[in-house]
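Peer 1:
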Amino acid sequence: MKKISIFEVAYKNLLRKKTRSLLTILGIAMAAWVLVSLFGFNRGYEASLNKDIDNLGFQMLVVAKGCPYEAATLMLKGGTGLKYMKEDIVAAVTAEPEVDGVTAMLMQVVFDPNKGETGGLAAFLGVDPVSFPKMKSALPFKAGGWFEEPEAAEAVFGYEAAELEQREVGDIYLIPEKEVEVKVVGILERTGTQDDGTIFLPIKTVQRIFGVKGELTSIGIKVKKDADIKAFEDKMYKLPDVQVVSLSQVKTTIMTLVSTARVMVFSIALIAILIAMMGVINTVLMSVMERRQEIGILKSMGAMAGDVFKLVWLETIILCISGGLVGTALSLLTARLTDVLVRNLLPYSPSGGLVAIDFKLVLMTLGVVTAIGLASGVYPSWKAARMRPLDTIRSEGES
Amino acid sequence: MKTITEHGRPAGARTRLTRVLAVVVLGLGLAAPALHAAVGCDLNDPDRDVKRLFPGSTGYKTLYVSISKKGGDDLLKRIEARLGDSFTGLFETADVPYTMYQVYKGPDLIGFIHGVNQKGTYGGLQVFLALDLKGVIKGFYFQKLTAKAAKAFRDPAFGSQFVGLSLEDFYKYDVASGREQPPGPISRIKNPDPASEKDFRATLRATKKNLVLVDEFLLGNPYLKFFRG
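Read top to bottom, the protein sequences are chains H and X. Quick note: the first sequence, position 331, residue 329 per the working numbering, numbers continuous. Quick note: the second sequence, position 5, residue 1060 per the working numbering, numbers continuous.
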């Protein structure tokens, strides 16, 4: 006679009520899916934000005083009303002992009537040919390199800007509205950051072309590693007519905002897990009650309370692990979709992947789901184990 | 970060949030991608543009195709042969995704819209064609054009010279030499600015390329029989 293992018995028991088992597995799968996606988002968002800030090359930005929101809006409306700082502020900042490097920038926007049906905007970022490439040393070039002369009529295109303008190294580009020609000397690789859409020119060239000599829109500051950023920030606030933006603070604020949303979503996930857990207990308990006589016969044939407990507990664990596997697979398959959805919901999203799911996270989730299974299975298993054979057989006769 | 408004008043939490996000936009330079959003050759505002190019249309379907996915190297070679020129440069490759619009009036398909990017002397050109079901040009439109004579090229009188032409006409035009043998309808298209000969020829090349791609991807190659490679 063929011996069958306790695992096979548990598995076959679950197959007897296929729909019920499937629905329970789906409930657990949903909870596991939410859990993996949330933890994946938690990791991915912070990693991408850090990468964006690192790619920026500087940790602090000094901009002209005034509401930056207003400046951004005006810039997007046509470049008028931009707030400027005087160039001599660079020397004052550079003199500070905490400063490792400084780079001055000037952004200008022009209206291009030949873009679309009603015209569009073209933005140019004037950068210092010496300090900017040093700070942005991680920026890879697809072709060419940075301009070398401080007043050269040359441009470096981000990948998407080059694609839109169909420019390659050696081509000429015509700045709309100003009708000034510049030579393309470099095309950046696609980075997935704001640099992809930027057209860089030497800052002096931008000042000359746009008639804003001696003016800047921002200064990027790289602070020394051992410097007290907070104290340095306070010092910068004392400069006249400027506003200081510490990117570490920006990051903290964004992370605080995201954390608030995350706490809410984690609460929902917790409720989902609790509902799934109740579902498991209900399913297994019902199954136990339906098999009272069967359990009674098993016990009268010599099965110990421990054996019955093990059998029912195993059924619960099979349900939970199956649900966990389906849920984690689902989260892996829909990671890209989750990324897109979250990106549309958040007010600011960094450029990299927002959902980072790795093997460790999958294992952790399976661990959590198994633990839920173990906990959920205790009561139904205990209930089954303490059934008395005589009572169960008697109840059969009564029914 | 200090939260002082322009008027020196402490700002509320909402203002602080707005400011932080605005600073992020400025600081991380997010204004730039907004200005150079999706690259490719989509209509900027399909709902509006389809209505303008096909008055009376009631809807459209968008198809995304690329040479590499549709037929790979063999297809690229055939398209290059039909165009009479090779695909060149960083951005004219078999991987370029083409966005094609099928235009409907009620349940009936009434035409197509398709645009291509083309390298010009001073920047990119985006040449859009509105075509009837037989692949005959009904409308010509520069969605974007960086050129010294942009105004002349975008003049409706220039675009109207393309109306009524098809790929059969363009086969006789050699994009490499810029000549039509024997002279025919393409030779009659007048360059609006003789000093911009390169941009004029780039426009004709973009139009021919556009027609070849539409024939390959939308019409099922009815013009292949006219091709004398």
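Where is the CB? At the ideal position from N, CA and C, for every residue including glycine.
Taking DSSP as the reference, what is the three-state secondary structure of GLY77(H)?
Peer 2: Taking the first sequence and counting its residues from 1, one reaches residue 77(H) at position 79. Unreliable positioning characterises GLY77(H) in this predicted model, as indicated by a pLDDT of 46, which lies under 50. The coordinate reading is nonetheless provided below. GLY77(H): coil per DSSP, three-state reduction.
Peer 1: Is there at least one Cβ from chain H nearer than 8 Å to ARG1209(X)'s Cβ?
Peer 2: Counted from its first residue, the second sequence places residue 1209(X) at position 154. Yes, ARG1209(X) lies at the interface with chain H (some Cβ there is under 8 Å from its Cβ).
Peer 1: Which residues in chain H sit within 8 Å of LYS1294(X), going by Cβ to Cβ distance?
Peer 2: Given that chain X is displayed from residue 1056 to residue 1284, the structure contains no residue 1294(X) and the question cannot be resolved.
Peer 1: Taking the alpha carbon of SER1232(X) as the reference point, which residue from ALA1257(X), SER1215(X), ALA1250(X), SER1251(X) has its own alpha carbon closest?
Peer 2: Here residue 1232(X) corresponds to residue number 177 of the second sequence, with the count starting at 1. Closest option to SER1232(X), Cα to Cα, is ALA1257(X).
Peer 1: Can you give me, in chain order, the residues of the segment 1165 to 1196 of chain X that have a beta carbon less than 8 Å from any beta carbon in chain H?
Peer 2: ASN1172, GLN1173, LYS1174, GLY1175, THR1176, TYR1177, GLY1178, GLY1179, LEU1180
Peer 1: GLU1147(X) by DSSP, collapsed to three states: which one?
Peer 2: Taking the first residue of the second sequence as 1, we reach residue 1147(X) at position 92. Correct three-state label for GLU1147(X): coil.
Peer 1: Closer than 8 Å by C-beta to VAL100(H): which residues in its own chain qualify, once you throw out the five before and the five after it? Chain order, please.
Peer 2: Indexing the first sequence from 1 puts residue 100(H) at position 102. Excluding its 5 nearest sequence neighbours in each direction, VAL100(H) has C-beta neighbours in its own chain below 8 Å: VAL88, VAL91, THR92, SER129, ILE217, GLY218, ILE219, LYS220, listed in chain order.
Peer 1: Bridge partners of MET105(H), per DSSP?
Peer 2: Start at 1 with the first residue of the first sequence, and residue 105(H) comes out as number 107. MET105(H) pairs with LEU123(H).
Peer 1: Using 8 Å as the threshold, is the C-beta distance between ASP1254(X) and PHE1208(X) below it?
Peer 2: Here residue 1254(X) refers to the residue found at position 199 of the second sequence. Here residue 1208(X) refers to the residue found at position 153 of the second sequence. Yes. Within cutoff.
Peer 1: Rounded to the nearest angstrom, what separates LEU1180(X) and GLU161(H) at their Cα positions?
Peer 2: On the second sequence, residue 1180(X) is found 125 positions in, with the first residue counted as 1. On the first sequence, residue 161(H) is found 163 positions in, with the first residue counted as 1. The alpha-carbon separation between LEU1180(X) and GLU161(H) amounts to approximately 11 Å.
Peer 1: Name the DSSP bridge partner or partners of LYS1116(X)?
Peer 2: As a first step, residue 1116(X) must be located in the second sequence, where it is residue number 61. Note: LYS1116(X) sits in a beta bridge opposite GLN1157(X).
Peer 1: For chain X, is any of its Cβ atoms less than 8 Å away from the one on ASN112(H)?
Peer 2: Translated into the one-based positions of the first sequence, residue 112(H) becomes position 114. Interface residue, yes.
Peer 1: Is PHE357(H) buried or exposed, if buried means 16 or more other CB atoms sit within 10 Å of its CB?
Peer 2: For the purposes of this step, residue 357(H) is taken as the residue at position 359 of the first sequence. Exposed.
Peer 1: What does the Cβ neighbour count give for VAL261(H), buried or exposed, with the cut at 16 atoms within 10 Å?
Peer 2: Taking the first residue of the first sequence as position 1, residue 261(H) is located at position 263. So VAL261(H) counts as exposed.
Peer 1: Taking a contact to mean a Cβ-Cβ separation below 8 Å, would you say VAL1230(X) touches LEU1138(X) in this structure?
Peer 2: Looking up residue 1230(X) in the second sequence gives position 175. Looking up residue 1138(X) in the second sequence gives position 83. Yes, the pair counts as a contact, with Cβ atoms nearer than the cut-off.
Peer 1: Indicate whether at least one CB of chain H lies closer than 8 Å to the CB of GLY1144(X).
Peer 2: Position 89 of the second sequence, counted from the start, is the residue given in the question as residue 1144(X). Yes, its Cβ sits closer than 8 Å to a Cβ of chain H.
Peer 1: Could you check whether the Cβ of GLN164(H) sits closer than 8 Å to any Cβ belonging to chain X?
Peer 2: Within the first sequence, residue 164(H) is the residue found at index 166, counting from 1. So, interface residue.
Peer 1: Between which two residues does the alpha helix (DSSP H) containing GLU158(H) stretch?
Peer 2: Locating residue 158(H) in the first sequence gives position 160, counting from the first residue. Looking at the DSSP string, the run of the alpha helix (DSSP H) that includes GLU158(H) is 157 to 163.
Peer 1: Alpha carbon to alpha carbon, how far is GLU115(H) from ASP1100(X)? Give it in angstroms, no decimals.
Peer 2: On the second sequence, residue 1100(X) is found 45 positions in, with the first residue counted as 1. On the first sequence, residue 115(H) is found 117 positions in, with the first residue counted as 1. Spanning the two alpha carbons is a distance of roughly 9 Å.
Peer 1: Find the residues of chain X that neighbour PHE96(H), judging by a C-beta separation of less than 8 Å, and give them in chain order.
Peer 2: On the first sequence, residue 96(H) is found 98 positions in, with the first residue counted as 1. Reading off the sequence shown, one finds Glu at residue 96(H), where the question assumed Phe. Those do not exist, as GLU96(H) stays about 18 Å from chain X at its closest Cβ, beyond 8 Å.
Peer 1: Less than 8 Å between the beta carbons of ILE185(H) and PHE155(H), yes or no?
Peer 2: Within the first sequence, the letter at position 187 stands for residue 185(H). Within the first sequence, the letter at position 157 stands for residue 155(H). In this structure, ILE185(H) lies near PHE155(H), with their beta-carbon atoms less than 8 Å apart.
Peer 1: Rounded to whole angstroms, what's the CA-CA distance from ILE207(H) to LYS176(H)? Just pull it up for me.
Peer 2: Against the first sequence, residue 207(H) aligns to sequence position 209. Against the first sequence, residue 176(H) aligns to sequence position 178. Looking at the two C-alpha atoms, the distance is approximately 7 Å.
Peer 1: Whole-angstrom Cβ separation of PHE139(H) and GLU187(H), contact assumed at under 8 Å?
Peer 2: Against the first sequence, residue 139(H) aligns to sequence position 141. Against the first sequence, residue 187(H) aligns to sequence position 189. The pair is a contact, with the Cβ atoms about 7 Å apart (cut-off 8 Å).
Peer 1: Could you name the residues of the same chain whose beta carbon sits closer than 8 Å to that of GLN1236(X), not counting the 5 residues immediately before and after it, in chain order?
Peer 2: To locate residue 1236(X), count along the second sequence from 1; it is residue 181. Excluding positions up to five away in sequence, the list reads LYS1227, ASP1229.
Peer 1: Less than 7 Å between C-beta atoms, sequence neighbours within five positions excluded: which residues of the same chain meet that for GLN1216(X)?
Peer 2: Within the second sequence, numbered from 1, the residue matching residue 1216(X) stands at position 161. Correct list, in chain order: ILE1244, LYS1245.
Peer 1: Pop quiz: LYS81(H) and GLY212(H) are said to be a contact at Cβ under 8 Å. What is the actual Cβ separation, rounded to whole angstroms?
Peer 2: For this step, residue 81(H) is matched to residue 83 along the first sequence. For this step, residue 212(H) is matched to residue 214 along the first sequence. Contact doesn't hold; Cβ gap of about 15 Å is too wide.
Peer 1: I'd like to know if LEU1118(X) contacts chain H, where contact means its C-beta is closer than 8 Å to some C-beta of that chain.
Peer 2: The sequence position of residue 1118(X) within the second sequence is 63, counting from 1. Not an interface residue.
Peer 1: Taking 8 Å as the CB-CB cut-off, is TYR377(H) touching chain X?
Peer 2: Reading the first sequence from its first residue, position 379 is the one you call residue 377(H). No, because no Cβ of chain X sits closer than 8 Å to the Cβ of TYR377(H).
Peer 1: Answer yes or no: does any C-beta atom of chain X fall closer than 8 Å to that of ILE227(H)?
Peer 2: One-based indexing of the first sequence puts residue 227(H) at position 229. Answer no: the Cβ-Cβ gap between ILE227(H) and chain X never drops below 8 Å.
Peer 1: Taking C-beta to C-beta, are VAL310(H) and LYS297(H) nearer than 8 Å?
Peer 2: Sequence index remark: in the first sequence, residue 310(H) carries index 312 (1-based). Sequence index remark: in the first sequence, residue 297(H) carries index 299 (1-based). Contact flag unset, no.
Peer 1: Tell whether a beta-carbon distance below 8 Å holds between GLY294(H) and PRO387(H).
Peer 2: Here the question's residue 294(H) lines up with position 296 in the first sequence. Here the question's residue 387(H) lines up with position 389 in the first sequence. If you check the CB distance, GLY294(H) and PRO387(H) come in under 8 Å.
Peer 1: Alpha carbon to alpha carbon, how far is ASP169(H) from LEU1108(X)?
Peer 2: Here residue 169(H) refers to the residue found at position 171 of the first sequence. Here residue 1108(X) refers to the residue found at position 53 of the second sequence. Whole-angstrom Cα-Cα distance: 33 Å.
Peer 1: If the cut is a Cβ gap below 8 Å, which residues of chain H does THR1201(X) touch?
Peer 2: What you label residue 1201(X) is simply residue 146 of the second sequence in a count that begins at 1. Ordered by position in chain H, the residues that pass the 8 Å Cβ test against THR1201(X) are ASP110, ASN112, GLU163, TYR171, LEU172, PRO174.
Peer 1: Around the C-beta of SER1141(X), are 16 or more other C-beta atoms found within 10 angstroms, so that it is buried, or is it exposed?
Peer 2: One-based indexing of the second sequence puts residue 1141(X) at position 86. Classification for SER1141(X): exposed.
Peer 1: Take PRO111(H) as the anchor and find which of LEU1274(X), PHE1197(X), LEU1222(X), LEU1131(X) has the nearest alpha-carbon.
Peer 2: For the purposes of this step, residue 111(H) is taken as residue 113 along the first sequence, with counting starting at 1. Cα-wise, what sits closest to PRO111(H) is PHE1197(X).
Peer 1: With a CB to CB cut of under 7 Å and the five nearest residues on each side skipped, what residues in its chain are close to ALA1212(X)?
Peer 2: As a first step, residue 1212(X) must be located in the second sequence, where it is residue number 157. Within the same chain, ALA1212(X) has no close Cβ partners at all.
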